[in-house]
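> I am attaching a structure below and will ask some questions about it afterwards.
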Amino acid sequence: MDESLKALTALLNLPLLAMVMARIGGLVAFAPFFGSASIPVQIRALLTGVISLVVLPFLDPSAIVIPNQPAVLIAAVVSELMIGLVFGFAILALFSALELAGLMIGQQMGIAMAQVFDPLFNEETSVLGQLFFWLATIIFLVIGGHHALLGAVIKSFATLPAGSFMIGEDGLVLLSGIVQVAFVVAIQVSAPVIVTIFLATLALGFVARTVPQLNILSVGFPLRAVMGFLLTVVSLGAGIDIFMRMFDDVFLKVHRLFGF
Numbered sequence: 049m050d051e052s053l054k055a056l057t058a059l060l061n062l063p064l065l066a067m068v069m070a071r072i073g074g075l076v077a078f079a080p081f082f083g084s085a086s087i088p089v090q091i092r093a094l095l096t097g098v099i100s101l102v103v104l105p106f107l108d109p110s111a112i113v114i115p116n117q118p119a120v121l122i123a124a125v126v127s128e129l130m131i132g133l134v135f136g137f138a139i140l141a142l143f144s145a146l147e148l149a150g151l152m153i154g155q156q157m158g159i160a161m162a163q164v165f166d167p168l169f170n171e172e173t174s175v176l177g178q179l180f181f182w183l184a185t186i187i188f189l190v191i192g193g194h195h196a197l198l199g200a201v202i203k204s205f206a207t208l209p210a211g212s213f214m215i216g217e218d219g220l221v222l223l224s225g226i227v228q229v230a231f232v233v234a235i236q237v238s239a240p241v242i243v244t245i246f247l248a249t250l251a252l253g254f255v256a257r258t259v260p261q262l263n264i265l266s267v268g269f270p271l272r273a274v275m276g277f278l279l280t281v282v283s284l285g286a287g288i289d290i291f292m293r294m295f296d297d298v299f300l301k302v303h304r305l306f307g308f
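Residue 49 is where the sequence shown starts when you use the numbering used here, and the numbers rise one by one after that.
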């Protein structure tokens, strides 16, 4: 009876519900898979509401200060939204890193003009970049990343009560560190293919100087495409390992940022 009364009281606290939904909604709107345009907005809104209603009764009311003034409440809701966006951005940065790696590899292979529509960002992107992005999504789901991400956001309510977070200088440093990690991932994944194709192109240049009658364009283009494809397949396992290690690193940075 006491638990039911506690849950009902929490549900009737609309300002608190708004702050909780802002934190969960920021994650659902921005994170990969959850924020995909292929998932209808109604489903994402329903997911946000269900998770918020489940979390709400378990919050500690004594640790939460509900703003009385509308302006302060709006600021608190924006702060909560920022927390969710940071969680989503941290994971999206890694996904974008793999997409960038695919774009760079595609440019070296000579297929940069082959573009497909990315429904997540509503823009054209490279075929390999989109392939890498969806590969990262599959890995993310297989290793339970969506569970870990939702669990981290829910856990953050225990260590970081609603309306109590502001991103300071340390937070900005950690966010820039996440962007740096993303660039490192992109370079590490694409470097083997890029360097090998560059050396092959250099060798073809020497061959062209030695055998001028050879049509180097008709040989070089398919050679670069085939080499790029084979090297991408061979180095895929190492790329997945890099992604998973960086995934753990980003989660540690987020944990440090929010203090849990």
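All C-beta atoms in this analysis are idealised placements derived from N, C-alpha and C, irrespective of residue type, glycine included.
Check whether the Cβ atoms of A93 and L148 lie closer than 8 Å to each other.
no
> Going by DSSP in three states, S84 sits in which element: helix, strand or coil?
Coil, per DSSP.
> Which of helix, strand or coil does DSSP assign to S283?
coil
> From the DSSP output, which residues share a beta bridge with S127?
According to DSSP, which records beta bridges pairwise, S127 is partnered with nothing at all.
> If I follow the unbroken alpha helix (DSSP H) through V113, where does it start and stop?
Looking at the DSSP string, V113 is not in any alpha helix (DSSP H), and its letter there is neither H nor E.
> Grouping DSSP H, G and I as helix and E and B as strand, with all else coil, what is H228?
The displayed chain sequence assigns Gln, not His, to residue 228. Of the three classes helix, strand and coil, the one that applies to Q228 here is helix, per DSSP.
> Assuming L222 and K301 make a contact with CB atoms under 8 Å, what is their CB distance in whole Å?
5 Å
> Determine, using beta carbons only, whether A230 and S144 come nearer to each other than 8 Å.
yes
> Quick one: Cα of Q175 to Cα of I187, how far?
The sequence given here places Val at residue 175; Gln does not occur at that position. In a straight line, the C-alpha of V175 is about 18 Å away from that of I187.
> Using only the alpha-carbon positions, how far apart do L56 and A123 sit?
Model confidence at L56 stands at a pLDDT of 46, short of 50, so the residue's coordinates are unreliable and nothing is read from them.
> Can you tell me which of I87, L220, M292 and G73 puts its alpha carbon nearest to the alpha carbon of V190?
M292
> Looking only at its own chain, which residues have a Cβ that is under 6 Å from the Cβ of V201, when we skip the five neighbours before and after it?
L75 and F135
> Please classify L104 as buried or exposed, where buried requires at least 16 other C-beta atoms within 10 Å of its C-beta.
buried
> Look up L62 in the DSSP assignment and say whether it is helix, strand or coil.
L62 carries a helical assignment under DSSP once its states are collapsed to helix, strand and coil.
> Can you name the start and end residues of the alpha helix (DSSP H) that T90 belongs to?
Looking at the sequence itself, residue 90 is Gln, so the reference to Thr does not match. Where Q90 is concerned, the enclosing alpha helix (DSSP H) stretches over V89 to V103.
> Expressed to the nearest angstrom, what Euclidean distance is found between the alpha-carbon atoms of D50 and P115?
In this prediction, D50 scores a pLDDT of 49, lower than 50, which makes its location untrustworthy; the coordinate-derived value is nonetheless stated afterwards. Distance between the alpha carbons of D50 and P115 is about 26 Å.
> Who are the near neighbours of L95 in its chain, counting only those whose CB is closer than 7 Å to its CB and skipping five residues on each side?
V76
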